[in-house]
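Going by the numbering used here, the letters in the sequence shown line up with residues 36 to 353, in that order. Beta carbons: idealized from backbone N, C-alpha and C, even for Gly. Note that the structure is a prediction, hence the values are computed from the model and not measured. Structure, as structure tokens:
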Amino acid sequence: MKTIKFIAFLNILLFSGFIAAAYETEITVARDGSGDFTSIQSAIDASKAFPETRVNIYIKNGTYYEKVRVPACNTKLSLIGEDPEKTILTYDDYFNKIDRGRNSTFYTYTLKVDADEFYAENLTIINSAGAVGQAVALHVQGDRCVFKNCRILGNQDTLYTAGELSRQHFKNCYIEGTTDFIFGAATVLFDDCTVNSLSNSYVTAASTPKGKKYGYVFRNCKLTAAEGVDKVMLGRPWRDYAKTVYLNCELGSHIIHEGWANWGGTTRDKTAFYAEYKSTGIGANPNAKLEWCKQLSDEEAAEYTLENIFAPVCVSFE
36 MKTIKFIAFL NILLFSGFIA AAYETEITVA RDGSGDFTSI QSAIDASKAF
86 PETRVNIYIK NGTYYEKVRV PACNTKLSLI GEDPEKTILT YDDYFNKIDR
136 GRNSTFYTYT LKVDADEFYA ENLTIINSAG AVGQAVALHV QGDRCVFKNC
186 RILGNQDTLY TAGELSRQHF KNCYIEGTTD FIFGAATVLF DDCTVNSLSN
236 SYVTAASTPK GKKYGYVFRN CKLTAAEGVD KVMLGRPWRD YAKTVYLNCE
286 LGSHIIHEGW ANWGGTTRDK TAFYAEYKST GIGANPNAKL EWCKQLSDEE
336 AAEYTLENIF APVCVSFE
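Structure below.
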């Protein structure tokens with residue numbers, strides 16, 4: 036009898052442990068109260084830390100005025116909007132508003148992703164502060180992060196791709212801004228994206244660490260500009276050893292013939308690796324590019340595969 040009671044007690048403990056270990060993997064956010072949560076951050080806060088199975092947060096159409104952070108403990112998290120133009124996350128912090136000293140830029144984000152294996156789809160992410168200086172819309176620190184069919188909007192410093200060891204993939208995204216609006220140290224592949232300049236300035240400001248084979252890679256992207264914008268450069272090196280490459284991209288007439296620029300008052304052009312391969316469009320003029328900027332051969336361009344860029348782990352959650 037004692038043995039039977041012990042087994043029954045053990046089964047209760049095991050069953051209770053199973054229940055305690057269970058967690059939601061499908062969560063809905065809706066402004067009108069029809070989902071599980073009415074804010075994106077509250078849904079993230081309720082998600083299991085370090086889950087074995089991916090947690091998908093589905094966001095209904097609406098404008099969510101929030102400053103959102105995905106902490107490092109929320110790995111394998113997805114934010115999936117209902118419609119990329121109608122599911123909008125927006126906030127309006129900027130450098131002078133934050134007022135935290137010389138590094139205030141890095142606190143201005145609307146969405147910050149510290150977690151690895153993050154996935155976002157069908158979202159608009161905006162820093163709505165306007166043309167008031169540094170104001171980050173999206174700050175990505177995590178590794179193996181994917182953004183698909185998203186719109187990332189701002190002005191100066193729109194997209195901060197951080198993390199010296201981070202790898203990020205943007206697929207079919209629309210990104211716009213003014214000065215250095217794509218910047219940082221991460222290894223990033225932009226596939227089939229539209230990159231829109233809102234002013235005469237620089238598209239990218241990579242800070243690729245020394246020894247990294249890949250920095251920013253744009254494949255089959257289209258570079259456009261707002262009306263009246265006619266003097267834009269593909270990039271300038273934010274730090275020594277910056278790497279940026281454009282492959283089979285269409286460059287609008289706003290891209291100047293020289294294409295690139297050095298960071299003023301530095302010798303970063305001596306270590307930077309800036310290159311193009313088969314650029315098309317009015318802004319494509321390989322013969323006019325700066326001497327320290329390279330045109331890739333077919334063999335060199337063939338090395339820029341997703342598998343090589345993100346080795347040893349391929350970044351994809353499709």
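Could you name the residues of the same chain whose beta carbon sits closer than 6 Å to that of residue i, not counting the 5 residues immediately before and after it, in chain order?
i: LYS257; result: THR229, GLU285
i: LYS102; result: TYR126
i: LYS206; result: LYS183, ASP226
i: PHE253; result: PHE225, TYR281, CYS284
i: ILE123; result: THR98, THR159
i: GLU61; result: ASN91
Leaving aside the five residues before and after residue i along the sequence, list all residues of the same chain whose C-beta is less than 8 Å from its C-beta, in chain order.
i: GLU117; result: TYR93, ILE94, LYS95, ASN96, ASN157
i: PHE218; result: ASP192, LEU194, TYR195, THR196, THR239, ALA240, ALA241, SER242, TRP273
i: ALA346; result: none
Could you tell me which residues DSSP pairs with residue i in its beta bridges?
i: ILE160; result: LEU124, ILE187
i: LEU114; result: ILE92, ALA155
i: LEU286; result: LEU258
Figure out for me which residue from the options has the closest Cα to the Cα of residue i.
i: ASP134; options: ARG202, ALA170, THR110, ILE115; result: ALA170
i: ASP192; options: GLY318, ALA57, TYR129, GLY287; result: TYR129
i: ASN91; options: THR98, ILE75, THR340; result: ILE75
i: ALA84; options: THR302, PHE72, ALA57; result: ALA57
i: ALA107; options: PRO119, THR306, LYS147; result: LYS147
i: ILE291; options: THR279, SER242, GLY316, TYR276; result: GLY316
i: GLU211; options: THR196, GLN203, ASN190; result: ASN190
i: TYR339; options: ARG186, LYS132, TYR249, PHE216; result: TYR249
i: GLY300; options: ALA155, TRP273, TYR312; result: TRP273
i: TYR312; options: ASN162, THR110, THR306, CYS328; result: CYS328
i: ILE344; options: ALA319, ARG179, SER314, THR88; result: ARG179
Using the Cβ count rule (16 or more neighbours within 10 Å means buried), how would you classify residue i?
i: SER332; result: exposed
i: THR374; result: The question about residue 374 has no answer here: the residues shown for the chain are numbered 36 through 353.
i: LEU48; result: Residue placement at LEU48 cannot be trusted, given a pLDDT of 46 that sits under 50; what the coordinates show is reported in the next sentence. By the neighbour-count rule (16 or more Cβ atoms within 10 Å), LEU48 is not buried but exposed.
i: ASP67; result: exposed
i: THR302; result: exposed
i: ALA323; result: exposed
i: ASP213; result: The sequence given here places Thr at residue 213; Asp does not occur at that position. Counting Cβ neighbours within 10 Å, THR213 comes out buried, since at least 16 surround it.
i: SER69; result: exposed
i: LEU114; result: buried
i: LEU188; result: buried
For my contact list, residue i and residue j are in at a C-beta cut-off of 8 Å; report their separation, rounded to the angstrom.
i: SER355; j: VAL267; result: Limits of the chain in this structure are 36 at one end and 353 at the other, which puts residue 355 out of reach.
i: ALA240; j: ARG202; result: Between ARG202 and ALA240 the Cβ distance is about 19 Å, and since that is not below 8 Å, they are no contact.
i: LEU112; j: PHE153; result: 6 Å
i: ASP149; j: ARG104; result: 7 Å
Please return the same chain residues whose Cβ sits closer than 7 Å to the Cβ of residue i, not counting the five positions on each side in sequence.
i: TYR237; result: THR214, ASP215, MET268, GLY270, ARG271, ALA296
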